[in-house]
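Here's the structure we're looking at; comments come further down.
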Amino acid sequence: MHKSILVFIDWFDPGYKAGGPIRSAVNFARHLQHHYNVYVFTGDRDLGSAVPYDNIKTDVWTSYDEQVKVMYCSPANLRWKYIRDIIQDVNPDHIYLNSLFSKYFTIYPLLINRSGGWKSNMVLAPRGMLRNSALQYKTAKKKLFLRLFRWLFVHRHISFQATDDTEFNDVKKNFGESARVLQIPNFPAYVQGYPGSLSKRPGELSIIFVGRLHPIKNLYFLLTCLKGLKGKVLLTVIGSEEDKAYVDQCRSLSVSLPENITVKFEGEKPNHELPAIIAQHHVFGLPTQGENFGHAIFEGLSAGKPVLISDQTPWRGMVSVKAGWDISLADNTGFVKALQEALDMEQKQYDEWSMGAWQYAHQFSAGTDALSKYTTLFQ
Numbered sequence: 001m002h003k004s005i006l007v008f009i010d011w012f013d014p015g016y017k018a019g020g021p022i023r024s025a026v027n028f029a030r031h032l033q034h035h036y037n038v039y040v041f042t043g044d045r046d047l048g049s050a051v052p053y054d055n056i057k058t059d060v061w062t063s064y065d066e067q068v069k070v071m072y073c074s075p076a077n078l079r080w081k082y083i084r085d086i087i088q089d090v091n092p093d094h095i096y097l098n099s100l101f102s103k104y105f106t107i108y109p110l111l112i113n114r115s116g117g118w119k120s121n122m123v124l125a126p127r128g129m130l131r132n133s134a135l136q137y138k139t140a141k142k143k144l145f146l147r148l149f150r151w152l153f154v155h156r157h158i159s160f161q162a163t164d165d166t167e168f169n170d171v172k173k174n175f176g177e178s179a180r181v182l183q184i185p186n187f188p189a190y191v192q193g194y195p196g197s198l199s200k201r202p203g204e205l206s207i208i209f210v211g212r213l214h215p216i217k218n219l220y221f222l223l224t225c226l227k228g229l230k231g232k233v234l235l236t237v238i239g240s241e242e243d244k245a246y247v248d249q250c251r252s253l254s255v256s257l258p259e260n261i262t263v264k265f266e267g268e269k270p271n272h273e274l275p276a277i278i279a280q281h282h283v284f285g286l287p288t289q290g291e292n293f294g295h296a297i298f299e300g301l302s303a304g305k306p307v308l309i310s311d312q313t314p315w316r317g318m319v320s321v322k323a324g325w326d327i328s329l330a331d332n333t334g335f336v337k338a339l340q341e342a343l344d345m346e347q348k349q350y351d352e353w354s355m356g357a358w359q360y361a362h363q364f365s366a367g368t369d370a371l372s373k374y375t376t377l378f379q
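Take 1 as the starting number for the sequence shown in UniProt numbering and just add one per residue.
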């Protein structure tokens, strides 16, 4: 009989506005369901939405996949006693927390499990929230939480999952060298066969940006890099307008760009619509200030799109395998040069880089040993 994992996460499929953490949780559940009984306890509506998802049942366990059950909890039931009863009823062998600063989906389960006498092994995945680039926003609230976390010695009773060296060091920095940390990469999405290239002429380039419109995703920086390019450029922007003041700055800059640069803001798109949109562009651009995985970047690579990204993600060494460019954010000139290089590419060269991007994703997916590491984590 399989052991059970109870996953807590604020948002889950069919939600998409919270971005990467949702994809991480979906991939986690689908990969581990053949080895564990997976239960996902989540909210009944998307980030920022006032209404529940369409066509779901709330406050009951529903079948999501073969061995995955999901409960979409209504706001009325997001309270201590209800969550305590969920833990008691499921009686999981393991509890997996997909956030650091969530009241209902991290703090409550942590304290309930500790005070209730259950023996569930607890694992917390910070999901990049300990990065300096993430802690600089809503700083006071996050510092207060971390102080409370340490004061209650919660970190001494759980294990942490770090997805890369940076996150491993971030956990140790915030919770001390004695913190139990296991470094395991996120499960990637399954990579299909090579989807083929896209018609490419020198002097023409289409770029797709997928991410929250927030300073951490750095759209404004990307827009500044377009100014002096020689050729016809289209930038399509997909993402939720999370920071209105920042979005206004980006829109203002976009309309001031030269006539050879076109910027289209397309708003939010559900995950199932993204592959078709990405397929229509030559390059995936995301000069992010920090990603703990970067599912959108991986999706771009899987679609055979060379990526233009910062050096603040796990995806490194792009140029050497002709999969894209990973450049320091201090090197504005480097970003401009990479964009111009992509602009100037003819068909044969672009085809080579398109294949390089797909091969990078395929080799990563085929070579990951994440499953064996997760089974060690959830022994």
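Positions of the beta carbon are idealized from the N, C-alpha and C atoms, including for glycine.
Note that the structure is predicted; figures quoted are calculated from it, not measured.
Suppose the cutoff is 6 Å on Cβ atoms and the five residues either side in sequence are ignored; what does the same chain contact list for residue i look like?
i           : result
L100        : P126, M129
M71         : F41, W61
A338        : L308, W325
G231        : G203, L343
R23         : H295
V247        : L213, E241
M358        : Per the sequence presented here, residue 358 reads as Trp, with Met not at that position. Closer than 6 Å at the Cβ level, and outside the excluded window around W358, lie Y194, G304.
F284        : I208, G300, K305, V307
F265        : V237
T262        : L234
N121        : H94
Q347        : K200
L144        : none
residue 385 : The structure shown does not extend to residue 385, since the chain spans only 1 to 379, so no value can be given for it.
In angstroms with no decimal places, state the Cα-to-Cα distance between residue i and residue j.
i           : j    : result
V60         : P21  : 23 Å
H157        : D326 : 38 Å
K17         : A25  : 14 Å
S49         : Q349 : 44 Å
G19         : V210 : 9 Å
D46         : K244 : 19 Å
R79         : Q161 : 26 Å
Q67         : K3   : 11 Å
V51         : T58  : 12 Å
H281        : Q88  : 49 Å
I278        : N98  : 27 Å
G367        : E167 : 21 Å
residue 380 : S199 : Look at the range of the chain in this structure, 1 to 379, and you will see that residue 380 is not part of it.
K269        : D44  : 19 Å
L274        : S115 : 43 Å
P92         : D85  : 12 Å
D65         : S252 : 45 Å
R180        : D331 : 36 Å
D164        : N292 : 7 Å
G356        : L229 : 24 Å
T106        : P188 : 24 Å
Q363        : I297 : 15 Å
N113        : D54  : 32 Å
Q249        : N37  : 47 Å
S197        : L205 : 14 Å
S63         : Y39  : 9 Å
Y108        : K81  : 10 Å
Quick check on residue i: buried or exposed, where buried means 16 or more other Cβ atoms within 10 Å of its Cβ?
i    : result
T313 : buried
H272 : exposed
L148 : exposed
I216 : buried
E352 : exposed
A29  : buried
R316 : exposed
K69  : buried
R201 : exposed
G176 : exposed
Does the beta carbon of residue i fall short of 7 Å from some heavy atom of the ligand COA?
i    : result
Q192 : Absence of the ligand COA is noted for the structure shown, with no ligands found whatsoever.
Under 7 Å Cβ to Cβ from residue i, same chain only, skipping five residues before and after it: list those, please.
i           : result
residue 464 : Residue 464 is absent from the structure shown; the chain starts at 1 and stops at 379.
Y360        : L301, V321, A323
C225        : N332, F335, V336, L339
Near residue i, what residues of its chain come up, given a Cβ to Cβ distance below 8 Å and the 5 sequence neighbours on each side ignored?
i    : result
V319 : W325, D326
L146 : N174
Q33  : D65, E66, Q67, V68
Closer than 8 Å, CB to CB, is residue i near chain C or not?
i   : result
H31 : In the structure shown, chain C cannot be found, because there is only a single protein chain.
**Prompt:** What beta strand (DSSP E) runs, 3 residues minimum, are completely inside the stretch 167–214?
**Reply:** 180–183, 204–210
**Asked** For the stretch 181–193 against the stretch 363–379, are there 3 or more C-beta pairs whose distance is under 8 Å?
**Response** yes
**Item:** Secondary structure, alpha helix (DSSP H): runs of 4+ residues fully inside the stretch 279–311
**Value:** 295–302
**Prompt:** With contact counted as at least three CB pairs below 8 Å, one residue from each stretch, are the stretch 341–360 and the stretch 165–182 in contact?
**Reply:** no
**Prompt:** Counting pairs of beta carbons, one from the stretch 2–12 and one from the stretch 281–291, are three or more of them closer than 8 Å?
**Reply:** no
**Whole beta strand (DSSP E) elements within the stretch 119–171, 3-residue minimum** = 121–124, 159–162
**Asked** Which residue spans inside the stretch 213–266 form an unbroken alpha helix (DSSP H) run of at least 4?
**Response** 219–226, 244–255
**Message:** Runs of 4 residues minimum, wholly inside the stretch 80–107: which ones carry the alpha helix (DSSP H) assignment?
**Reply:** 80–90
**Runs of beta strand (DSSP E) wholly within the stretch 31–81 (minimum 3 residues, chain order)** = 36–43, 61–65, 68–73
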